[in-house]
Amino acid sequence: MRRPTPRPARGAARRQRGILARMRGGLSAWLTAHGRALLGSLGRLARMPLSALMTVGVLAISLALPALFLLMLQNVERLSADWDRGASLSVFLGLEVESSRVQELADEFAQRPPVQASTIIPPEQALEDFRRMAGMDEALDLLDENPLPAVIVLVPDPGLDAEALQVLGSEIEAEAEVDTVRLDLAWVERLQRISELLRRAVWLVAGLLGLTVVLVVGNTIRLAIQNRREEIVIAKLIGATDGFIRRPFLYEGLWYGLLGGLTAAALVGGVRLALAGPASELARLYQTGPILVGPGATGFGLLCLAGIALGLTGSWLAVGRHLAAIEPK
Amino acid sequence: MIRFEHVGKRYDGGFEALQDLSFELEQGELAFLTGPSGAGKSTLLRLIALLERPSRGHIRVAEIDLSRLRRRHIPYLRRRIGMIFQDHRLLHDRTVFDNVALPLIINGIADHREIARRVRAALDKVGLLGRERYYPVTLSGGEQQRVGIARAVVTRPPILLADEPTGNLDPGLSGEIMQLFVEFNRVGVTTLIASHDLELVGRLGFRRIGLCDGRLDPDVAGGVRA
Chain A
1238 MRRPTPRPAR GAARRQRGIL ARMRGGLSAW LTAHGRALLG SLGRLARMPL SALMTVGVLA
1298 ISLALPALFL LMLQNVERLS ADWDRGASLS VFLGLEVESS RVQELADEFA QRPPVQASTI
1358 IPPEQALEDF RRMAGMDEAL DLLDENPLPA VIVLVPDPGL DAEALQVLGS EIEAEAEVDT
1418 VRLDLAWVER LQRISELLRR AVWLVAGLLG LTVVLVVGNT IRLAIQNRRE EIVIAKLIGA
1478 TDGFIRRPFL YEGLWYGLLG GLTAAALVGG VRLALAGPAS ELARLYQTGP ILVGPGATGF
1538 GLLCLAGIAL GLTGSWLAVG RHLAAIEPK
Chain B
31 MIRFEHVGKR YDGGFEALQD LSFELEQGEL AFLTGPSGAG KSTLLRLIAL LERPSRGHIR
91 VAEIDLSRLR RRHIPYLRRR IGMIFQDHRL LHDRTVFDNV ALPLIINGIA DHREIARRVR
151 AALDKVGLLG RERYYPVTLS GGEQQRVGIA RAVVTRPPIL LADEPTGNLD PGLSGEIMQL
211 FVEFNRVGVT TLIASHDLEL VGRLGFRRIG LCDGRLDPDV AGGVRA
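Residue numbers (the numbering used here), protein chains in the order written: chain A, 1238 to 1566; chain B, 31 to 256.
Shown next as structure tokens:
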């Protein structure tokens, strides 16, 4: 029989203190039970480091791949946003237009409401740029005179949508001295479509790899349950609740997820470091900002959280499916 | 303390392990469950700890009607029953100390010193103090059984059930083990021991509940007190 707990002799206050003390005791027992399960499951991983490492490795790769894809996508979107803002109208003037007239036209275009600024690219500079960028030195030397017209680059208001931009373009194209207007828009739109396609593909792949994490952890926990079958039977015989038996396996899944997440974060960091040199070289050539921006502390935190969530899900599935089947015989 | 009312247990396939079994064990009583192999001794013990449910009849344990006990409450019933098995059922990858401490941990006792104190007290009672750091495989059969007994009594349960606790032991060791149960019974633990060792049981002179083909054996004192 359970021994009667000593009752407070008198007074509600004293009784209340007793209840509080018991609640504190219950809380500390709860904390101890969880702490024990948490550390115990970590200890079990440490006792079989090789198989734990292999599982963690699989999880890390499965987590790192979608993280890298997402990071790539983020960078592409950031860059395309940069370019998007740079959407501009190139107004090619007729070859016969005098350079003094070019300045007047540029000022006139700049007056129009959706235009923010206008820049003139005189034919000489255009030729110089062409020579430098395209590496067509010799071919250009064959020409007697500069075949390039003057160009006025118009930068519209950043908020301007594609349609309004098109209207502005045809208005200017109607001018007698304007030869053609080129909207640097089509490729921006294409880039947006491509990045949308990429985003969907990346999330699909991320979903599949997340499922991989769940299945790998689930299978690992299933094996752990099978290996400790006898222990589970004995614990049930002695009066362990389902929660008591479930706990260490759930925490094992949590550890796998967390370790997988941390390793994945390290992998992502390593890959970024390996790509940093070529990326900054590329950025220098294209004169953009940094091309490869890392996930940052938030990204790494999310990666670990995703690992924990997926690990717990996997172990929860395994535990729910396999523990109930083990009953003392 | 333990009361069977017209209890029957029928397994899938039609085998009747127990039929119309009624008896009562008072609080603080010690009784031996005897009978040949296959008479239903193990089944009877398993019904008390709800390792199985009876097909017919009612069982009351410590004023609890087992047929009304929900599945999630079964662990709390088992915590009030110390169980001892012929094959000890120890965890072989844990030390003697950890094996005996397991029920305390399952009971949610958090204080390490309290656990250590009670484990040592239980090991002291079975005469194994000083073997805490050993692993079960390094102990003899009799010693392993004592560890099993220490584990069963460490939470001071009001009921002890033992299924052939001396089945693998020689007569001298068997006597010592049985003497341990007699001592626990002396401090008020209701004890039911299944044994086919009629000679040893007869020598100890406690109540006998005889089983034969799943029924009370009329040749033994049976459901009434001896």
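Ideal placement from N, C-alpha and C gives every residue a C-beta, glycine not left out.
On a predicted model such as this, the values are computed, not experimentally measured, just so you know.
Partner residues on chain A for residue i, Cβ-Cβ distance less than 9 Å
i             : result
residue 106/B : 1476, 1478
residue 238/B : Neighbours of residue 238/B on chain A: none; closest Cβ ~26 Å, over 9 Å.
Run of the beta strand (DSSP E) containing residue i, from where it starts to where it stops
i              : result
residue 1341/A : Run containing residue 1341/A: none in the beta strand (DSSP E); it sits in the alpha helix (DSSP H), 1336-1348.
residue 1467/A : Unbroken run through residue 1467/A is the alpha helix (DSSP H), 1466-1475; no beta strand (DSSP E).
residue 1356/A : 1352-1358
residue 47/B   : 46-55
residue 1393/A : 1388-1393
residue 36/B   : 32-40
residue 114/B  : 111-114
residue 1559/A : First-last for residue 1559/A: 1533-1559, but that is the alpha helix (DSSP H), not the beta strand (DSSP E).
residue 193/B  : 189-193
residue 172/B  : Per DSSP, residue 172/B belongs to no beta strand (DSSP E); it is in the alpha helix (DSSP H), 171-183.
residue 224/B  : 220-224
residue 88/B   : 86-91
residue 1328/A : 1326-1330
residue 139/B  : Run containing residue 139/B: none; DSSP gives neither H nor E here.
For residue j and residue i, the rounded distance between their alpha carbons
i              : j              : result
residue 1420/A : residue 1529/A : 28 Å
residue 1409/A : residue 1364/A : 24 Å
residue 1426/A : residue 1432/A : 10 Å
residue 204/B  : residue 196/B  : 5 Å
residue 1302/A : residue 1290/A : 18 Å
residue 179/B  : residue 159/B  : 13 Å
residue 126/B  : residue 58/B   : 28 Å
residue 1521/A : residue 1505/A : 23 Å
residue 1550/A : residue 1499/A : 18 Å
residue 256/B  : residue 235/B  : Because residue 256/B sits at a pLDDT of 37, beneath the cut-off of 50, its placement in the model cannot be relied upon, and the point is left open.
residue 1381/A : residue 1358/A : 20 Å
residue 177/B  : residue 1476/A : 18 Å
residue 65/B   : residue 1466/A : 31 Å
residue 1238/A : residue 31/B   : Low confidence applies here, because residue 1238/A scores a pLDDT of 44, under 50, leaving its location unreliable; read the following figure in that light. Straight-line Cα distance between these residues: approximately 11 Å.
residue 1242/A : residue 1256/A : Reliability fails at residue 1242/A, whose pLDDT of 48 lies under 50, so the model's placement of it is uncertain and no value is given.
Range of the contiguous alpha helix (DSSP H) that encloses residue i
i              : result
residue 1479/A : 1479-1523
residue 78/B   : 71-78
residue 203/B  : 201-216
Within chain A, the residues that residue i reaches when beta carbons sit closer than 8 Å
i             : result
residue 31/B  : Residues of chain A passing the Cβ test: none, with the nearest at roughly 10 Å.
residue 121/B : 1467, 1468, 1471
residue 133/B : 1475, 1476
Closer than 7 Å at the beta carbon, the chain A residues around residue i
i             : result
residue 136/B : 1472, 1475, 1476, 1477, 1481
residue 216/B : Residues of chain A passing the Cβ test: none, with the nearest at roughly 16 Å.
residue 109/B : 1476
Residue i burial status per 10 Å Cβ neighbour count (16 or more: buried)
i              : result
residue 209/B  : exposed
residue 1489/A : buried
residue 1284/A : exposed
residue 193/B  : buried
residue 227/B  : buried
residue 1537/A : buried
residue 1356/A : exposed
residue 1552/A : buried
residue 212/B  : exposed
residue 1497/A : buried
heavy atom of the ligand PLP below 7 Å from residue i C-beta
i              : result
residue 1461/A : The ligand PLP is absent from the structure shown, which contains no ligands of any kind.
Chain-ordered chain E contacts of residue i [CB-CB under 7 Å]
i             : result
residue 140/B : In the displayed structure, chain E is absent; the protein chains listed are A and B.
Neighbour list for residue i in chain B, Cβ cutoff strictly below 7 Å
i              : result
residue 1565/A : 81
Inset, instruction - Please confirm if the stretch 1447-1467 of chain A is in contact with the stretch 1493-1504 of chain A, defined as three or more CB-CB distances below 8 Å between the two stretches. - result: yes
Inset, instruction - Assess, as a yes-or-no matter, whether the stretch 181-189 of chain B is touched by the stretch 105-112 of chain B under the definition of 3 or more beta carbon pairs within less than 8 Å. - result: yes
Inset, instruction - Count the CB pairs spanning the stretch 124-141 of chain B and the stretch 1251-1268 of chain A that are closer than 8 Å, and state whether there are at least three. - result: yes
Inset, instruction - State whether the stretch 1382-1389 of chain A contacts the stretch 1325-1334 of chain A, with contact taken as three or more CB pairs (one from each stretch) at a distance under 8 Å. - result: yes
Inset, instruction - Report yes or no: do three or more beta-carbon pairs, one from the stretch 213-225 of chain B and one from the stretch 1550-1561 of chain A, lie closer than 8 Å? - result: no
Legend entry - Inter-stretch contact (C-beta, 8 Å, three-pair minimum) for the stretch 1529-1538 of chain A and the stretch 1303-1313 of chain A: yes
Inset, instruction - Would you be able to state if there are at least three C-beta pairs under 8 Å between the stretch 34-44 of chain B and the stretch 98-106 of chain B? - result: no
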